[in-house]
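Chains U and B, in that order, give the protein sequences.
Just so you know, the first sequence maps onto residues 268 to 538 in the working numbering.
Just so you know, the second sequence maps onto residues 260 to 614 in the working numbering.
First up is the structure itself, then whatever we jot down about it.
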Amino acid sequence: MDVRVSDVSFGYRDKTILTDIGFHARSGEIVGILGPNGSGKTTTLKIINRLLKARTGTVLLDEEDYNDLGRKQLAQKMGMVPQMSQINFPFTVLDVVMMGRMPSLESFKSEGEDDVRIVVDAMNRTGVTEFADREILKLSGGERQRVIIARALAQEPQVLLLDEPTNHLDVNHQLDILDMISCLAKERGITVIFVSHDLAMAARFCDRVILLRDSRILAAGMVADVMTPENIGRVFDIEADVVYDPRIGGHRVTVIRSLTSHWKGGEGDER
Amino acid sequence: MDENEAIGYLNHRAAVRTATIVGLLLALVVSVLWSTATGPTDISLGQVLAAIFSGDLITVIMGGNASNVINTIILELRLPRAILAALVGGSLAVAGCALQGIFRNPMASPYVLGVSSGAAFGASVVIVLGAAFLPINFAIAISAFAFSFITLFVVYGSSIVNGKVQVETLLLAGIAVGAFFSAMTSFMQYIAEEQLQSIVLWMMGGLWNANWSQVMVVIPFMVIGCTLMLLHSRPLNAMMIGEEHAMVLGVDVNRVRSRVVIGATLVTAAAVSFSGLIGFVGLIIPHMLRIVLGPDHRILLPTSILAGAVFLVVMDMLARTVMSPVELPVGILTAALGAPFFLYLLRRRRHAMGW
Chain U
268 MDVRVSDVSF GYRDKTILTD IGFHARSGEI VGILGPNGSG KTTTLKIINR LLKARTGTVL
328 LDEEDYNDLG RKQLAQKMGM VPQMSQINFP FTVLDVVMMG RMPSLESFKS EGEDDVRIVV
388 DAMNRTGVTE FADREILKLS GGERQRVIIA RALAQEPQVL LLDEPTNHLD VNHQLDILDM
448 ISCLAKERGI TVIFVSHDLA MAARFCDRVI LLRDSRILAA GMVADVMTPE NIGRVFDIEA
508 DVVYDPRIGG HRVTVIRSLT SHWKGGEGDE R
Chain B
260 MDENEAIGYL NHRAAVRTAT IVGLLLALVV SVLWSTATGP TDISLGQVLA AIFSGDLITV
320 IMGGNASNVI NTIILELRLP RAILAALVGG SLAVAGCALQ GIFRNPMASP YVLGVSSGAA
380 FGASVVIVLG AAFLPINFAI AISAFAFSFI TLFVVYGSSI VNGKVQVETL LLAGIAVGAF
440 FSAMTSFMQY IAEEQLQSIV LWMMGGLWNA NWSQVMVVIP FMVIGCTLML LHSRPLNAMM
500 IGEEHAMVLG VDVNRVRSRV VIGATLVTAA AVSFSGLIGF VGLIIPHMLR IVLGPDHRIL
560 LPTSILAGAV FLVVMDMLAR TVMSPVELPV GILTAALGAP FFLYLLRRRR HAMGW
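Okay, here's the thing in structure tokens:
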């Protein structure tokens, strides 16, 4: 599904969070939104899912204004993995993933065999099937994150939004999840938009990236064009090197040093 | 777990849940019959059943008289009282369950929004100043009901900021408005003369005056209010995970919250209008069920109705009999027996509740 964001601005009272954000994500593409803390990454994602209402600007889904859709209709088209939040209640993993079917179910209708099939498939893809009947409270942070990703997959979305999806995950699971999402994007033509501050993962898995700094887009485009040492330097205040690495079939980012460090290590420890 | 195992797991759980509901329904029928058979006049279960299946039942409900003394006691006094107890208990428990879920706050109860204080003020005004056109008991009920809703609208209205309901503000506004109406009620008590005892008794909660017309008035409010809550049991589950999560899953959070709150207030207001303030049912029943059944509102809400009903029927029966011939206000019993049991649960099984 085509997602077209145009001229979006957002803020609270006199504080500006986003200014003139515009980009286009096409079916089957993985788009990364990168930037330092406070640059407006998560806010952008929330506006795309209408969790927040933009001050100005439009979001079009396949050229249709998304404000014409009800909350439930929107959830049928768009799945999201919000930033990890605390879960206090002893729902089972199966219950939580099954919540992904909510947008497609009437109030009093119970889940059918089709829903179970979709849910089991989603759990298999994120590797949480083995704890399906366990309480989500008893899982580790990484396991919980994979449960929430499975829930988003169970929505069978055409657009998948992910906010720091690989936080809390062990490195092998980070790769597994991102590989799985890449496959899914190509296989089903899902548009994936994900927010990350992990440069290496973004460079490796994204088709295109958007670099945010101080509430504006600093650069946007194909990874090879945008993730240049200059741009990365301007966004993150670091010196970095980017090369194509055939071993991983993508770009590899090497962070060399920070450009803002006030602490000069080496001569004498003054902590 | 593959697809078939998942289906098996869900089917098994559905069967357990159905059995739980059937069991509670049976318990409710038994407790109502038992309560009806219990009292100063010895009546057997057979006589109760005979009275219920005689033509007298319809006659009495329509306002006529039963054909003999035993049937009069059963059908005009005890049965409507047991049924009203069931309706009130079910209402308070389900409202507590829904409000705890929607505010993600274990201390939420039907009274948390100040509704009880509003109702108490409404009742005390009529008790002190009297009613012009209506029978006094109905005037008290109507006034209590009206003030419950006035309280709700003030509390809810003052907690909407930028079109969104702020949960913390809502709970604090409930306390503030509740304190205001408590002060007003104290004032009514202060200026009351011989009506003071009536106010105090009303606030203790009891079902002394139960009759069929009260039952008939409470039922429609309960049906509408419970439907509003039950309709949103799945969104309530999602909201337990977090508001943002619920929105992502297509839940219109503000709409669900206002509907559930209105539903809970409808049933609570209708219940307290006739029974006064019966405490603790809305707290103890939902928490007990959470420990046993888990956090899923699709089972918690219906079982809260049934378990709350059974609980209050039994409590009312005890209230009528423990100090016979003197009758205790049932509100004293629910709190006196409920609180220690609740403390025990807290110590033993707190983790299972999730709070």
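All C-beta atoms in this analysis are idealised placements derived from N, C-alpha and C, irrespective of residue type, glycine included.
Distance, residue j Cα to residue i Cα
{"i": "leucine 466 of chain B", "j": "valine 573 of chain B", "result": "13 Å"}
{"i": "arginine 538 of chain U", "j": "histidine 529 of chain U", "result": "Because the pLDDT at arginine 538 of chain U is just 43, under 50, the model does not fix this residue reliably, and the value given afterwards should be weighed accordingly. The straight-line gap from Cα to Cα measures roughly 13 Å."}
{"i": "glycine 349 of chain B", "j": "valine 569 of chain B", "result": "8 Å"}
{"i": "threonine 521 of chain U", "j": "isoleucine 543 of chain B", "result": "58 Å"}
{"i": "arginine 411 of chain U", "j": "arginine 475 of chain U", "result": "28 Å"}
{"i": "valine 585 of chain B", "j": "arginine 579 of chain B", "result": "7 Å"}
{"i": "arginine 516 of chain B", "j": "leucine 285 of chain B", "result": "32 Å"}
{"i": "leucine 301 of chain U", "j": "valine 462 of chain U", "result": "6 Å"}
{"i": "alanine 265 of chain B", "j": "leucine 361 of chain U", "result": "8 Å"}
{"i": "methionine 475 of chain B", "j": "arginine 606 of chain B", "result": "41 Å"}
{"i": "glycine 377 of chain B", "j": "serine 402 of chain B", "result": "9 Å"}
{"i": "isoleucine 499 of chain U", "j": "isoleucine 297 of chain U", "result": "19 Å"}
{"i": "valine 326 of chain U", "j": "aspartate 335 of chain U", "result": "11 Å"}
{"i": "arginine 471 of chain U", "j": "arginine 519 of chain U", "result": "7 Å"}
{"i": "isoleucine 342 of chain B", "j": "glycine 355 of chain B", "result": "20 Å"}
{"i": "isoleucine 434 of chain B", "j": "methionine 498 of chain B", "result": "23 Å"}
{"i": "glycine 516 of chain U", "j": "valine 509 of chain U", "result": "13 Å"}
{"i": "glutamate 453 of chain B", "j": "serine 445 of chain B", "result": "15 Å"}
{"i": "aspartate 382 of chain U", "j": "arginine 368 of chain U", "result": "7 Å"}
For residue i, the three-state DSSP class (helix, strand or coil)
{"i": "threonine 458 of chain U", "result": "strand"}
{"i": "asparagine 415 of chain B", "result": "With the sequence shown as reference, residue 415 of chain B is identified as tyrosine, and asparagine is not the correct amino acid for it. Correct three-state label for tyrosine 415 of chain B: helix."}
{"i": "lysine 282 of chain U", "result": "strand"}
{"i": "threonine 310 of chain U", "result": "helix"}
{"i": "valine 512 of chain B", "result": "helix"}
{"i": "leucine 269 of chain B", "result": "helix"}
{"i": "histidine 291 of chain U", "result": "strand"}
{"i": "histidine 518 of chain U", "result": "strand"}
{"i": "isoleucine 302 of chain B", "result": "coil"}
{"i": "valine 298 of chain U", "result": "strand"}
{"i": "glycine 488 of chain U", "result": "strand"}
{"i": "leucine 542 of chain B", "result": "helix"}
{"i": "isoleucine 477 of chain U", "result": "strand"}
{"i": "valine 291 of chain B", "result": "helix"}
{"i": "threonine 562 of chain B", "result": "helix"}
{"i": "serine 517 of chain B", "result": "helix"}
{"i": "leucine 429 of chain B", "result": "helix"}
{"i": "glutamate 453 of chain B", "result": "coil"}
{"i": "threonine 527 of chain U", "result": "coil"}
{"i": "valine 585 of chain B", "result": "coil"}
{"i": "methionine 347 of chain U", "result": "strand"}
{"i": "arginine 276 of chain B", "result": "helix"}
Contact check, residue i vs residue j, beta carbons under 8 Å
{"i": "proline 568 of chain U", "j": "aspartate 430 of chain U", "result": "Residue 568 of chain U lies beyond the range of chain U shown here (268 to 538); nothing can be said about it."}
{"i": "alanine 529 of chain B", "j": "proline 339 of chain B", "result": "no"}
{"i": "glycine 324 of chain U", "j": "serine 273 of chain U", "result": "yes"}
{"i": "leucine 292 of chain B", "j": "leucine 316 of chain B", "result": "no"}
{"i": "leucine 247 of chain U", "j": "methionine 347 of chain U", "result": "Nothing can be reported for residue 247 of chain U: it is not among the residues displayed for chain U, which extend from 268 to 538."}
{"i": "valine 526 of chain B", "j": "glycine 484 of chain B", "result": "yes"}
{"i": "threonine 410 of chain B", "j": "phenylalanine 440 of chain B", "result": "yes"}
{"i": "glutamine 635 of chain B", "j": "serine 383 of chain B", "result": "A query on residue 635 of chain B cannot be resolved here, the shown segment of chain B reaching from 260 to 614 and no further."}
{"i": "serine 303 of chain B", "j": "asparagine 330 of chain B", "result": "no"}
{"i": "aspartate 465 of chain U", "j": "threonine 433 of chain U", "result": "yes"}
{"i": "leucine 495 of chain B", "j": "proline 588 of chain B", "result": "no"}
{"i": "leucine 592 of chain B", "j": "alanine 379 of chain B", "result": "no"}
{"i": "methionine 576 of chain B", "j": "threonine 297 of chain B", "result": "yes"}
{"i": "isoleucine 448 of chain U", "j": "valine 459 of chain U", "result": "yes"}
{"i": "serine 482 of chain U", "j": "threonine 283 of chain U", "result": "yes"}
{"i": "alanine 352 of chain B", "j": "glycine 541 of chain B", "result": "yes"}
{"i": "threonine 311 of chain U", "j": "leucine 285 of chain U", "result": "yes"}
{"i": "valine 275 of chain U", "j": "valine 426 of chain U", "result": "no"}
Supposed contact pair residue j and residue i - C-beta distance, whole angstroms, cut 8 Å
{"i": "alanine 432 of chain B", "j": "valine 414 of chain B", "result": "5 Å"}
{"i": "alanine 357 of chain B", "j": "alanine 566 of chain B", "result": "In fact, because the Cβ distance is near 14 Å, the residues do not count as touching under 8 Å."}
{"i": "glutamine 359 of chain B", "j": "proline 545 of chain B", "result": "6 Å"}
{"i": "proline 370 of chain U", "j": "leucine 508 of chain B", "result": "6 Å"}
{"i": "histidine 440 of chain U", "j": "methionine 351 of chain U", "result": "14 Å between Cβ atoms; not a contact."}
{"i": "glutamate 506 of chain U", "j": "leucine 526 of chain U", "result": "6 Å"}
Residue i beta carbon near the ligand SAH (any heavy atom closer than 7 Å)
{"i": "methionine 488 of chain B", "result": "No copy of the ligand SAH occurs in the structure displayed, which carries no ligand at all."}
Contact set between residue i and chain A, taken where Cβ atoms lie within less than 9 Å
{"i": "serine 352 of chain U", "result": "Within the model displayed, chain A is absent; protein chains U and B are what it includes."}
Using a Cβ distance threshold of 8 Å, determine whether the stretch 337-347 of chain U contacts the stretch 387-397 of chain U, with at least three qualifying pairs required. no
Report yes or no: do the stretch 551-562 of chain B and the stretch 485-492 of chain B share at least 3 C-beta pairs separated by less than 8 Å? yes
Sufficient close CB pairs (3 or more, under 8 Å) joining the stretch 282-299 of chain U to the stretch 476-489 of chain U: yes
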